[in-house]
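**Student:** I am attaching a structure below and will ask some questions about it afterwards.
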Amino acid sequence: MLRHLQLAAFAPQRGPRFRGKRLQVSIAAVVQKTDNVLPCYVVVQNQIRPAIEQQTDPCEKTSGFKHALKWRWKDKEYACEGRHRSKRGAKNEAARQVLRYLIDEEASVLDPRQNGAIAQWAIGSISEDLDATLEVKDDESGSSLQQSHTCTWSCPQIEGEFVATGSARAATESRRNAFAALYQNLPPNLEEIYLQVKSESAANVDEAPQVRSNNRARYGEINAMHNTVIQKLNTKASWDFHQTSGGFECTLTWSFYDQSLADMQTITVSTVERSKIAAKATANQKMLILQGHLADIPADQQDAMDEIQQALKEQRVKDAHAKTMTLLEQAEPATWSFFLPHVFRAVLGEGDVASMHELLGNALRLSQESGMPIQLWESLLDEASFSVRHYFMASPALRQLGGASLADSFPRSLEKDYFRRFRHLLALERHGGLMHGIQQYELDPNALSGVPVVEVHQQEASQVVLTSPPGANFETMTEGHRELKPADLVLLVPSEAAEEVSSDEPAEMGNSTGWQHPEAWLACVTSLVGNPALEEEVKLHVRRISDFASDVKGPELDAKQPRISPITIGRQYRLYFLALETPMSRQLSALRNLTQVKLPVFSENFEGLKPTYVFSDSMREVILAEAEDARQLAEETCRGGLSPELALQHLERLAGQQPLVQSLTPSQRESVTRSLQQRLSLIQGPPGTGKTHVACAILAIWASIFGPLGERILAVADSNVAADNVYARLCKMGIPSVRVGQGKGNDYDLAAIRRQLQTATVVVATCIGSGTEILNTKVAGGSFQRVLVDECTQACEPAVLVALGRGCEQVVLIGDHAQLPATVLSKAASHEGLSTSLFERMASQNCVEPTILLEQRRMHSSIAEFPNRTFYGGRLENAADEAALTAIPGFPWPNPDCRVCFVDVAKGPSMLEGRRGFSAFNVAEAETLVDVLHSIVRAGYPEEQIVVLTAYLAQKQEIMRALRDRGLGRYLQNIAVDTIDGYQGMEQGLVLFSATRSNESRALGFLADNRRMNVMLTRAKQGLIVFGNADTLRLSEAAQSKWPDWLSWVEGKASALSADELAQRIQQHSSDTGSAASTTRMNIEELKKEDNEQPVADVSQRKGDASPTITATPVQARPTAWQQVYSEEYRAHYYWNTETNVTQWEQPTHFIPAS
201 MLRHLQLAAF APQRGPRFRG KRLQVSIAAV VQKTDNVLPC YVVVQNQIRP
251 AIEQQTDPCE KTSGFKHALK WRWKDKEYAC EGRHRSKRGA KNEAARQVLR
301 YLIDEEASVL DPRQNGAIAQ WAIGSISEDL DATLEVKDDE SGSSLQQSHT
351 CTWSCPQIEG EFVATGSARA ATESRRNAFA ALYQNLPPNL EEIYLQVKSE
401 SAANVDEAPQ VRSNNRARYG EINAMHNTVI QKLNTKASWD FHQTSGGFEC
451 TLTWSFYDQS LADMQTITVS TVERSKIAAK ATANQKMLIL QGHLADIPAD
501 QQDAMDEIQQ ALKEQRVKDA HAKTMTLLEQ AEPATWSFFL PHVFRAVLGE
551 GDVASMHELL GNALRLSQES GMPIQLWESL LDEASFSVRH YFMASPALRQ
601 LGGASLADSF PRSLEKDYFR RFRHLLALER HGGLMHGIQQ YELDPNALSG
651 VPVVEVHQQE ASQVVLTSPP GANFETMTEG HRELKPADLV LLVPSEAAEE
701 VSSDEPAEMG NSTGWQHPEA WLACVTSLVG NPALEEEVKL HVRRISDFAS
751 DVKGPELDAK QPRISPITIG RQYRLYFLAL ETPMSRQLSA LRNLTQVKLP
801 VFSENFEGLK PTYVFSDSMR EVILAEAEDA RQLAEETCRG GLSPELALQH
851 LERLAGQQPL VQSLTPSQRE SVTRSLQQRL SLIQGPPGTG KTHVACAILA
901 IWASIFGPLG ERILAVADSN VAADNVYARL CKMGIPSVRV GQGKGNDYDL
951 AAIRRQLQTA TVVVATCIGS GTEILNTKVA GGSFQRVLVD ECTQACEPAV
1001 LVALGRGCEQ VVLIGDHAQL PATVLSKAAS HEGLSTSLFE RMASQNCVEP
1051 TILLEQRRMH SSIAEFPNRT FYGGRLENAA DEAALTAIPG FPWPNPDCRV
1101 CFVDVAKGPS MLEGRRGFSA FNVAEAETLV DVLHSIVRAG YPEEQIVVLT
1151 AYLAQKQEIM RALRDRGLGR YLQNIAVDTI DGYQGMEQGL VLFSATRSNE
1201 SRALGFLADN RRMNVMLTRA KQGLIVFGNA DTLRLSEAAQ SKWPDWLSWV
1251 EGKASALSAD ELAQRIQQHS SDTGSAASTT RMNIEELKKE DNEQPVADVS
1301 QRKGDASPTI TATPVQARPT AWQQVYSEEY RAHYYWNTET NVTQWEQPTH
1351 FIPAS
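So for the sequence shown, the working numbering puts the first residue at 201; every next one is plus one.
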């Protein structure tokens, strides 16, 4: 009679028995093991789908917690309560009781022979403990109406393989049927073997750890290395297995073309190990050593590495750390890659700052002379940048690694220094991007609703295949608001963690997603296969890049039976999209190719003889050389460059054909002709001077000269908006062009783009988009000798390298380094220079002189006067049509000839700024600004031509609140309220700006940044009204601030008003024009007519204000007065109570986001 295998795979030999079959006793043993309860509970819950009520509360008489849990399904109901000293433990106990009840009352649900989901989970767990081999294959020969799967299982303790097949219409059910059949076929004596293995493991727990020859982690690494090598060297590999008395023999054969011998070569190696996995990995390692791709590590050092890996597997991180410190002294740095990154990851997972600094310090000291191998250094940078759970350790770790001495893997020190600097900066930025992604979920409750559930289908080393359990809405990953794509970074959190997220320790940024769960892990999407619309199973292939299995603390850890890997077949996770990895990977690839770093073949970053990015020697020198050398190279005439005379001839020729070229101003013509000559040209385009106009003129001339020769030109910009503008202008000019990438209104028809690439002369993309694989095809050519970069000052230097790595010989950089730089998510990376563009570096450090576009056609001359004098040396010429820039109605301009006005909102304590988290707001300025805005709109000025700007997100929220409270919420449909940073590159007729800062210390913060000030002052065409505190702006101790100069200028123009004077003038203006009601305060009936979003309002008295104000009541009363506000400094949302002025990071109970 078949003895049923214990489901738990961890259960003790003896345990409580329940009535019924022997199988029930085994299931009962499962729930005695704490680590198995919640994973099993989730699997059962997803199948029964009960209505669940649950609540966790503190115990009345003890310091622990109680978790009340009630299940309702069919006509049944079960309620229980679990108690424990932690919230997670309490829920675990309650879930255990549910499973015990189901063992007695719903035995078939937990019978692995009938429940494929339970069988899948159980077999996966057993295989992990017995080092068994489990393979699941799709039967590709099956019909489209019937899916079929085959499971193959073997383990070292039992001879032979066990195979079972399952089929069903749905792929998920087919796979589960195969697991149920496999469970039925497992050998009768497997239970005794398993219990014996577990008892031996428990008996040896207090002894010195025994090194296991078939260490799965090391085997996984070797297999990954081997697969990378054969792929990049175009080598065919085959494995042949034979079972012997000692285990399994694996024969590995390599077949490849030897260029030196001009003939095919075949090499064979053989190994014998206890299991197939061990035999295959050992053969792979032997072949790599034989071919010189891997160092032959001495046996004693290999044993030490195995001991370290075993310690990590058993969560003995401190022991692994101590052994690593010893091994670092003995082993060569070339072998450190096999153990140091793993230990470093574990130390980060433990949150052990002291051990981290000790580990890195020792490694940096010992590699000082020879230099740390590049592959190892990059691995450590990646581990630190992927540190999420203990995110506070990333910056100090990266800072310490930034001082490493690198191995001589570069042609010169120039390449090494450049690589070290930007590789370190990009690691900082990657970590900043991950934390920004987590914050979006933590602080936007609506984002959580679209998170899909996935389960582990297959796993080999770091490669994991995920599928969807039934009813999990997996389609959102392919058809949702933000579909997943290859190279996306995702966070996978165990499903059972969804209600365990409340931690006894407060989390600074919240933990509603469970992102700090010990068994959450990061992954990079490699591919997404399957179309749910065609009833195909969707499979998500990911590469694990981080896990937190070593970070297990508290009573849940059983010292005698260490926790297995959290990633087991059948386990379910919630999947969170965090960040795009494509931009980062393309920048890193371009950086490596520029600096010509030498990497081992097994490195995933090794690109072989056909690198993705190719830099011409001359362009490489321009980027890397010292200042004077770079300047000379930049100003030289490059291959294909024109002489001054010939450039002028082509300009005149095209002017007769293109009206755009004919309309160029003198400074624009000079910029175009110089760009046609030099290898690298800089064109500085102040606001309103026609940068895009000049860019398209240059592209048109290039296209007319080099297009007939079969050469194509690449035009890139930092943003999709700018790229779309260039593309639209080129199409209007009739120049054959193609837009590569997903711009506005672009459905990204790949087939259509391929067709257009065959005839297009100019390819338009973003900087990062220019690295797309479609440009690597034979049709696209992949090489662009001439590149134009618009918005260059808004792009990080590594992003521009992606475009220049297309074989560029001549480049034109267009931008304005007097305006705001690139947006960088990591504050540390920004401070260390990542926000400095290539344009700015060339202009300021390498002394490449830019040509400046001098004729501005955007602003009224009075608006342009101060920015011109202050930021551009008075060189700009006003070419705007001032007759068309009429005065803004509804505002009492103090000086009719000056379209700039300053409103001083600075009297009384109520005028001081407030703080919401780390952002400033000013109620008085917001109220005064709304008064002016309403007056102007009522006077007939178009709402679509107005923008309201501020430097602070809290003030943006305050202005929007003031509009809604006045019953003017409808204005937000047409009037943009934005930050200065978000509005760079755009323009509008009227700009209302709130400076916000009003404090006794006269601190300005980043408002003192002159580039931010320049952007603010130059967005308006017809009128600019600034609201602020004159004393704070004028008397600030910020050394570089231009606000005192601006106030002196505006007062000299007699264009300054106090808030009281403004109110009086608006009131007088209303009376003079016969207005039926005051524009500063409206009666309730008028508000009802003007804004149906606020139909009811109460008149209340604002503190410190003699006039009544309107506080509107929404249609549906909100349960709280909380608002969500964004902190610019921390790049995170926090919550502000509008009644008590209290701020906090955690989301308040019953919070409802504003509509």
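All C-beta atoms, glycine included, are put in the ideal place defined by N, C-alpha and C.
Would you kindly work out how many angstroms separate the C-alpha atoms of H426 and R612, rounded to a whole number?
**Tutor:** Here residue 426 refers to the residue found at position 226 when the sequence shown is read from its first residue. Here residue 612 refers to the residue found at position 412 when the sequence shown is read from its first residue. Roughly 30 angstroms separates the two Cα atoms.
**Student:** Restricting to Cα atoms, I'd like to know which of R300, R839, E870 and L1172 is closest to E852.
**Tutor:** Along the sequence shown, read from residue 1 onward, the residue named residue 852 stands at position 652. The shortest Cα separation from E852 among R300, R839, E870 and L1172 belongs to E870.
**Student:** Mind checking M1186: buried by the 16 CB within 10 Å criterion, or exposed?
**Tutor:** Residue 1186 sits at position 986 when you count from the first residue of the sequence shown. Looking at its Cβ environment, which holds fewer than 16 other Cβ atoms inside 10 Å, M1186 is exposed.
**Student:** By a C-beta neighbour count over all protein chains shown, 10 Å radius and 16 as the cutoff for buried, is R763 buried or exposed?
**Tutor:** Taking the sequence shown and counting its residues from 1, one reaches residue 763 at position 563. Confidence at R763 is low in this model, with a pLDDT of 44, below 50, so the placement of that residue is unreliable and no value is reported for it.
**Student:** Under the three-state reduction of DSSP, which class applies to P541: helix, strand or coil?
**Tutor:** Counting from 1 along the sequence shown, the entry for residue 541 is found at position 341. Three-state DSSP puts P541 in a helix.
**Student:** What residue ranges within the region 1138-1169 form continuous beta strand (DSSP E) runs of no fewer than 3 residues, ordered along the chain?
**Tutor:** Qualifying beta strand (DSSP E) stretches, in chain order: 1146-1150.
**Student:** Near R1234, which residues of its chain fall below 6 angstroms by C-beta distance, leaving aside the five closest residues on each side in sequence?
**Tutor:** Here residue 1234 refers to the residue found at position 1034 of the sequence shown. Answer for R1234: P1244 and L1247, listed in chain order.
**Student:** Give a yes or no on contact between the region 893-904 and the region 1064-1075, applying the rule of three or more CB pairs nearer than 8 angstroms.
**Tutor:** No: the two stretches stay apart, fewer than three of their Cβ pairs being nearer than 8 angstroms.
**Student:** In angstroms, rounded to a whole number, what distance separates the CA positions of R1115 and D1181?
**Tutor:** The residue labelled residue 1115 in the question sits at position 915 within the sequence shown. The residue labelled residue 1181 in the question sits at position 981 within the sequence shown. Looking at the two C-alpha atoms, the distance is approximately 20 angstroms.
**Student:** Quick check on K1156: buried or exposed, where buried means 16 or more other Cβ atoms within 10 Å of its Cβ?
**Tutor:** Position 956 of the sequence shown holds residue 1156. Buried, since its Cβ has 16 or more Cβ neighbours within 10 Å.
**Student:** Relative to the C-alpha of S1026, which residue among A378, H636, K486 and H557 is closest?
**Tutor:** The count along the sequence shown starts at 1 and reaches residue 1026 at position 826. Closest by alpha carbon: H636.
**Student:** Can you tell me where the beta strand (DSSP E) holding P258 begins and where it ends?
**Tutor:** For the purposes of this step, residue 258 is identified with residue 58 of the sequence shown, where counting begins at 1. It spans A251 to P258 - the beta strand (DSSP E) in which P258 sits, taken as one unbroken run.
**Student:** Given that a residue counts as buried once 16 or more other Cβ atoms are within 10 Å of its Cβ, and exposed if not, what is V729?
**Tutor:** Here residue 729 corresponds to residue number 529 of the sequence shown, with the count starting at 1. Flag for V729 reads exposed.
**Student:** Would you identify the three-state DSSP class for H624, choosing helix, strand or coil?
**Tutor:** Mapped onto the sequence shown, residue 624 falls at position 424. In this structure, H624 counts as helix in the three-state DSSP scheme.
**Student:** Measure the beta-carbon distance from Q1019 to N1214 and round it to whole angstroms, keeping in mind my assumption that it falls under 8 angstroms.
**Tutor:** Position 819 of the sequence shown, counted from the first residue, corresponds to residue 1019. Position 1014 of the sequence shown, counted from the first residue, corresponds to residue 1214. That pair is a contact at about 6 angstroms.
**Student:** Excluding the 5 residues flanking A855 on each side, which residues of the same chain have their C-beta closer than 7 angstroms to its C-beta?
**Tutor:** Against the sequence shown, residue 855 aligns to sequence position 655. The residues are V861 and Q862.
**Student:** Taking the straight line between their C-alpha atoms, what separation do you get for P859 and G890?
**Tutor:** As a position in the sequence shown, residue 859 is number 659, starting the count at 1. As a position in the sequence shown, residue 890 is number 690, starting the count at 1. The straight-line gap from Cα to Cα measures roughly 15 angstroms.
**Student:** Determine the direct distance from the alpha carbon of I1063 to that of L1076, and round the result to whole angstroms.
**Tutor:** Locating residue 1076 in the sequence shown gives position 876, counting from the first residue. Locating residue 1063 in the sequence shown gives position 863, counting from the first residue. About 12 angstroms.
**Student:** Could you check whether Y776 and W715 sit closer than 9 angstroms to each other, using their CB atoms as the reference points?
**Tutor:** The sequence position of residue 715 within the sequence shown is 515, counting from 1. The sequence position of residue 776 within the sequence shown is 576, counting from 1. Yes, the Cβ-Cβ distance between W715 and Y776 is below 9 angstroms.
**Student:** Give me the Cβ distance between L1149 and M1160, rounded to the nearest whole Å; I'm assuming they're in contact under 8 angstroms.
**Tutor:** In the sequence shown, counting from the first residue as 1, residue 1149 sits at position 949. In the sequence shown, counting from the first residue as 1, residue 1160 sits at position 960. Actually they do not touch by this definition, with Cβ atoms about 13 angstroms apart.
**Student:** If we ignore side chains and look at the alpha-carbon of each, how far apart do S438 and E835 end up?
**Tutor:** For this step, residue 438 is matched to residue 238 along the sequence shown. For this step, residue 835 is matched to residue 635 along the sequence shown. Looking at the two C-alpha atoms, the distance is approximately 55 angstroms.
**Student:** What is the DSSP secondary structure of V1299, counted as helix, strand or coil?
**Tutor:** By one-based count along the sequence shown, residue 1299 stands at place 1099. For V1299, the predicted model reports a pLDDT of 30, less than 50, meaning its position is unreliable; a value from the coordinates is still stated below. Note: V1299 maps to strand in three-state DSSP.
**Student:** Give the DSSP bridge partners of C450, in chain order.
**Tutor:** Within the sequence shown, residue 450 is the residue found at index 250, counting from 1. DSSP lists F441 and T471 as partners of C450.
**Student:** Tell me, which residues are paired with N1078 by DSSP?
**Tutor:** Indexing the sequence shown from 1 puts residue 1078 at position 878. The partner list for N1078 (beta bridge, DSSP) reads Q1056.
**Student:** M464: buried (16+ other C-beta within 10 angstroms of its C-beta) or exposed?
**Tutor:** Walking along the sequence shown from the start, residue 464 turns up at place 264. By the neighbour-count rule (16 or more Cβ atoms within 10 Å), M464 is not buried but exposed.
**Student:** What's the C-alpha gap between Q510 and Q431?
**Tutor:** In the sequence shown, counting from the first residue as 1, residue 510 sits at position 310. In the sequence shown, counting from the first residue as 1, residue 431 sits at position 231. So the alpha carbons of these two residues sit roughly 30 angstroms apart.
**Student:** Tell me which residue opens and which closes the alpha helix (DSSP H) that L666 is part of.
**Tutor:** On the sequence shown, position 466 is the one that residue 666 refers to. Note, L666: premise wrong, no alpha helix (DSSP H); beta strand (DSSP E) at Q663 to T667.
**Student:** For F1102, I'd like the list of residues in its chain whose CB is within less than 6 angstroms of its CB, leaving aside the five on either flank, ordered along the chain.
**Tutor:** If you number the sequence shown from 1, residue 1102 lands on position 902. Closer than 6 angstroms at Cβ, skipping near neighbours: V1226, V1250 and A1256.
**Student:** In whole angstroms, give me the CA-to-CA distance for N1095 and A1087.
**Tutor:** If you number the sequence shown from 1, residue 1095 lands on position 895. If you number the sequence shown from 1, residue 1087 lands on position 887. Distance between the alpha carbons of N1095 and A1087: 11 angstroms.
**Student:** Is A697 helix, strand or coil when you go by DSSP?
**Tutor:** In the sequence shown, counting from the first residue as 1, residue 697 sits at position 497. The answer is helix: DSSP assigns A697 an H, G or I state.
**Student:** My output table needs one value for W721: the three-state DSSP class, helix, strand or coil.
**Tutor:** The count along the sequence shown starts at 1 and reaches residue 721 at position 521. Reduced to three states, the DSSP call for W721 is strand.
**Student:** What does DSSP give as the partner residues of L606 in its beta bridges?
**Tutor:** Position 406 of the sequence shown holds residue 606. Answer is M572, bridged to L606.
**Student:** Please name the residue or residues paired with I913 in a DSSP beta bridge.
**Tutor:** For this step, residue 913 is matched to residue 713 along the sequence shown. Paired residue(s): V962 and R986.
**Student:** So, with DSSP's three-state summary, where would you put D1016?
**Tutor:** For the purposes of this step, residue 1016 is taken as residue 816 along the sequence shown, with counting starting at 1. If DSSP states are grouped into helix, strand and coil, D1016 belongs with coil.
**Student:** Based on DSSP bridge pairs, tell me the residues matched to W1400.
**Tutor:** Residue 1400 is absent from the structure shown; the chain starts at 201 and stops at 1355.
**Student:** Specify the secondary structure class of K685 as computed by DSSP and reduced to three states.
**Tutor:** On the sequence shown, position 485 is the one that residue 685 refers to. Of the three classes helix, strand and coil, the one that applies to K685 here is coil, per DSSP.
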